[in-house]
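Under the numbering used here, think of the first position of the sequence shown as 232, with each following residue one higher.
Beta carbons are placed, not taken as given, at the ideal position from N, Cα and C, and that holds for glycine.
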Amino acid sequence: MFWYSVALAVIGWAIAMTRLPAMESRERARRALGILILAVLAYVSVWLLLGTVAAAVGSIAALRGGDIPRETVG
Numbered sequence: 232m233f234w235y236s237v238a239l240a241v242i243g244w245a246i247a248m249t250r251l252p253a254m255e256s257r258e259r260a261r262r263a264l265g266i267l268i269l270a271v272l273a274y275v276s277v278w279l280l281l282g283t284v285a286a287a288v289g290s291i292a293a294l295r296g297g298d299i300p301r302e303t304v305g
């Protein structure tokens, strides 16, 4: 999972570098880094949200005294 995240970050940075308009390389790199940081934050936020939903499903199942439905396990 870690290497998948690193690969996505590198691909995102490369796309940002090619999509930004021609400008001074330092400014361009700074903007690309900002885009990369936002992409990583969005990626982490999605996984945290999914983890929260999974924990809520597990907690509700435990409170009801039953097992987690197989449909939610995957």
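Alpha-carbon spacing of ALA238 relative to GLY296, whole angstroms: 41 Å
CB contact flag (ALA240, VAL271, <8 Å): Yes; because the gap between Cβ atoms is below 8 Å, this pair is in contact.
CA nearest to the CA of ALA263, picked from VAL275, VAL277, TRP278, TRP244: TRP244
Range covered by the alpha helix (DSSP H) that runs through GLU258: 256–295
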